[in-house]
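**Student:** Position 174 of the first sequence, counted from 1, bears residue number 167 in the numbering used here, the numbering being contiguous throughout. The beta carbon of each residue, even a glycine, is placed where N, CA and C say it ideally should be. Before we start, here is the structure in question, set down as structure tokens.
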Amino acid sequence: MRIATWNVNSLKVRLPHVLAWLEQQKPDVLCLQESKTEDVNFPAQAIMDAGYLPLFSGQKTYNGVALLSRAAGGAGTDVTAGIPGFDDPQKRVLAATYGDTRVICIYVPNGESVESDKYQYKLRWLAALAEWLRAELQKYPKLALLGDYNIAPDDRDVYDPKAWAGKVLCSDAERSALSSLLALGLTDSFRQFDQPERSFTWWDYRMNGFKRKLGMRIDHILLSAPLAANCTACAVDVEPRKLERPSDHAPVFADITN
DNA sequence: ATGGCTGCTTTGAGCAGA
């Protein structure tokens, strides 16, 4: 199966790009973040017309996550929105089971800056996520955690690591929180394979960030051991970032046999 | 040089993103 993640920065604006990408890449499950769409306005019909079944948890203006799965593979089951026990009005988590694979779509808080209250919220949020995942992994040995983590794991994932040292997305506490997720038994599927230098998933709209290759790798696919063992590829597809009115993020996909 | 783009919002200046 092919699983993928894409922060679309408004599904309303990016719907044509998403439909084209589904047609071209034919993922079995695509996780979306920043749909910025209330559920009542979710473009479910257009998604279904493209041969996909949508699950969504959204709100006006900010956040919003969705899971799109190939209709032939059936709808997801055991759907969970949010982190159980973590009271949060922000719509950032959606999980569903496809066959025997648990797919969890996450939109980690940005954090704004290490001095911000939003940074503390980010760290609390990540701690709650890790606690919940510990239980999820017990229930679902085949688990994939995909999304916008808003964390660059390593200096090679940052265009200018010296300038970003200690800053939000790169701070020790954030990288430590990511390590805690990996310590649960998850693998960064992207680093299972040789990758081009300067592989990124987000580029600032300003200052021609994309053309100048000034980006960060902050969107990730983490796989539990049984899935990582059967993962045959993981890559960033930068093509949608070249389109008119692109999202500032590019999609990432992973291929898993069986 | 704290800007710069983009999307959104009881429509227009301000927030948020990263």
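Select from Arg85, Cys98 and Gly51 the residue whose C-alpha is nearest the C-alpha of glycine 69.
**Tutor:** It is Cys98.
**Student:** Straight-line CA distance for alanine 221 to threonine 180?
**Tutor:** Going by the C-alpha atoms only, they are around 7 angstroms apart.
**Student:** With a Cβ-Cβ cutoff of 7 angstroms, do leucine 136 and leucine 130 count as a contact?
**Tutor:** Going by C-beta atoms, leucine 136 is nearer than 7 angstroms to leucine 130.
**Student:** Going by beta-carbon coordinates alone, are alanine 39 and proline 47 separated by less than 7 angstroms?
**Tutor:** Going by C-beta atoms, alanine 39 is not nearer than 7 angstroms to proline 47.
**Student:** To the nearest angstrom, how far is the alpha carbon of alanine 120 from that of lysine 132?
**Tutor:** The straight-line gap from Cα to Cα measures roughly 19 angstroms.
**Student:** Nearest to arginine 95 by CA position, among Pro102, Asp81 and Leu87, is which residue?
**Tutor:** For arginine 95, the nearest C-alpha among the options comes from Leu87.
**Student:** From alanine 158 to methionine -6, what does the alpha carbon distance come to, in whole angstroms?
**Tutor:** Their backbone Cα atoms lie some 37 angstroms apart in a straight line.
**Student:** Compute the Euclidean distance between the alpha carbons of glycine 44 and leucine 23, then round it to the nearest angstrom.
**Tutor:** Glycine 44 and leucine 23: Cα-Cα distance of roughly 13 angstroms.
**Student:** Rounded to the nearest angstrom, what separates serine 217 and proline 244 at their Cα positions?
**Tutor:** C-alpha separation (whole angstroms): 20 angstroms.
**Student:** Look at the alpha carbon of valine 101 and the alpha carbon of lysine 115, and state the distance between them as a whole number of angstroms.
**Tutor:** Computed Cα separation, rounded: 7 angstroms.
**Student:** On the criterion of 16 or more Cβ atoms from any shown chain inside 10 Å, does glutamine 17 qualify as buried, or is it exposed?
**Tutor:** When all chains shown are included, glutamine 17 counts as exposed.
**Student:** Return the CA-CA distance between arginine 184 and proline 9, expressed in angstroms with no decimal places.
**Tutor:** Cα to Cα, the separation comes out at about 30 angstroms.
**Student:** What whole-angstrom Cβ distance do phenylalanine 145 and isoleucine 211 have, given they're in contact under 8 angstroms?
**Tutor:** The amino acid at residue 145 is misidentified as phenylalanine; the sequence shows alanine. 6 angstroms between Cβ atoms; contact.
**Student:** Which of the three DSSP states, helix, strand or coil, is assigned to glutamine 188?
**Tutor:** DSSP places glutamine 188 in coil when its eight states are reduced to three.
**Student:** Run through the region 133 to 183 for me and flag every whole alpha helix (DSSP H) of 4 or more residues, listed as ranges in chain order.
**Tutor:** Qualifying alpha helix (DSSP H) stretches, in chain order: 154 to 157 and 165 to 176.
**Student:** Can you list the alpha helix (DSSP H) stretches of 4 or more residues lying completely in the region 65 to 147, in chain order?
**Tutor:** The qualifying runs are 110 to 132.
**Student:** With respect to the beta strand (DSSP E) encompassing glutamine 26, which residues constitute its N-terminal and C-terminal limits?
**Tutor:** Note, glutamine 26: beta strand (DSSP E), 22 to 26.
**Student:** Could you check what DSSP says for aspartate 262 in three-state terms: helix, strand or coil?
**Tutor:** The chain is shown from -6 up to 251; residue 262 falls before or after that span and cannot be answered.
**Student:** Note the first and the last residue of the continuous alpha helix (DSSP H) segment covering histidine 10.
**Tutor:** Note, histidine 10: alpha helix (DSSP H), 4 to 18.
**Student:** For the beta strand (DSSP E) holding leucine 61, just list the boundary residues, first then last.
**Tutor:** Looking at the DSSP string, the run of the beta strand (DSSP E) that includes leucine 61 is 58 to 63.
**Student:** Leaving aside the five residues before and after asparagine 2 along the sequence, list all residues of the same chain whose C-beta is less than 8 angstroms from its C-beta, in chain order.
**Tutor:** Cβ within range, chain order: Glu27, Lys29, Ser240, Asp241 and His242.
**Student:** Have a look at proline 189 and asparagine 201 and give me their C-alpha separation to the nearest angstrom.
**Tutor:** Taking the straight line joining both Cα atoms gives about 20 angstroms.
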